[in-house]
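Peer 1:
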Amino acid sequence: MQGYIQNKTHIWAHAMKRSIGPNAKVTLKELYEQYGTKHNLKKGTEFVTWLRTVKLRDNTRWRIVFEDTEILGKKEDESSPQQIQKEPIVRNSGRKEATVNTKDMEIKDVVGLSVRKAREVLPNITDLNLLKYSVQEANQLANKDTLVRMLRKRIQELDLAR
Numbered sequence: 099m100q101g102y103i104q105n106k107t108h109i110w111a112h113a114m115k116r117s118i119g120p121n122a123k124v125t126l127k128e129l130y131e132q133y134g135t136k137h138n139l140k141k142g143t144e145f146v147t148w149l150r151t152v153k154l155r156d157n158t159r160w161r162i163v164f165e166d167t168e169i170l171g172k173k174e175d176e177s178s179p180q181q182i183q184k185e186p187i188v189r190n191s192g193r194k195e196a197t198v199n200t201k202d203m204e205i206k207d208v209v210g211l212s213v214r215k216a217r218e219v220l221p222n223i224t225d226l227n228l229l230k231y232s233v234q235e236a237n238q239l240a241n242k243d244t245l246v247r248m249l250r251k252r253i254q255e256l257d258l259a260r
């Protein structure tokens, strides 16, 4: 098979079980030996379209050249009529969440925070002991790994600031 794929970016990319350097090329023959036989794909356009639709979807990162012609986009999109994409409607429910007073917070309040709420609240907490005790408490609970990481990061920030 004549052709190659090329990393169009200026950074290294990991794809198809290999690291591909900036502007580096990998031949379609190598990729067919690795994936084509495994997935029972025919040589030629079937394999190239499979690569584009399954493995290398991002047109901004990957350039696929097959027999001196560049393969762009997905074949299904070309045959389907143009669809108008509607912007999602964002509705404001009108109710505002009450702001959290960080001075009155206890350990159970910090441990009970969701990750989204913690992202808003943690930068405002300056009580180092509260954070340390909260880490110990949250460490013992299931599904609080992300919160523990966020608390440890905040503790490090406060230690560096002092």
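So in the numbering used here, spot 17 of the sequence shown is number 115, and the numbers just go up one at a time. Just so it is clear, CB atoms sit at the ideal spot from N, CA and C, and this is done for glycine as well. These numbers were taken from a predicted model, which means no experiment stands behind them.
Could you give the residue range of the beta strand (DSSP E) that holds Asn-105?
Peer 2: Note, Asn-105: beta strand (DSSP E), 101-105.
Peer 1: Taking DSSP as the reference, what is the three-state secondary structure of Leu-245?
Peer 2: Residue state, collapsed to three classes: helix.
Peer 1: In angstroms, rounded to a whole number, what distance separates the CA positions of Glu-218 and Leu-139?
Peer 2: Glu-218 and Leu-139: Cα-Cα distance of roughly 50 Å.
Peer 1: Is the beta carbon of Ala-236 closer than 8 Å to that of Leu-96?
Peer 2: Given a span of 99 to 260 for the chain in the structure shown, any question on residue 96 remains unanswerable.
Peer 1: From this set, Tyr-231, Gly-134, Arg-159, Arg-247, which residue's C-alpha is nearest Lys-106's C-alpha?
Peer 2: Measuring from the Cα of Lys-106, the nearest candidate turns out to be Arg-159.
Peer 1: Looking only at its own chain, which residues have a Cβ that is under 6 Å from the Cβ of His-108, when we skip the five neighbours before and after it?
Peer 2: So the qualifying residues of the chain are Pro-120.
Peer 1: For Lys-173, I'd like the list of residues in its chain whose CB is within less than 7 Å of its CB, leaving aside the five on either flank, ordered along the chain.
Peer 2: With a pLDDT of only 45 at Lys-173, under 50, the local geometry of the prediction cannot be trusted, and the value read off the model is given with reservation. Correct list, in chain order: Thr-147.
Peer 1: According to DSSP, is Ala-236 helix, strand or coil?
Peer 2: DSSP places Ala-236 in helix when its eight states are reduced to three.
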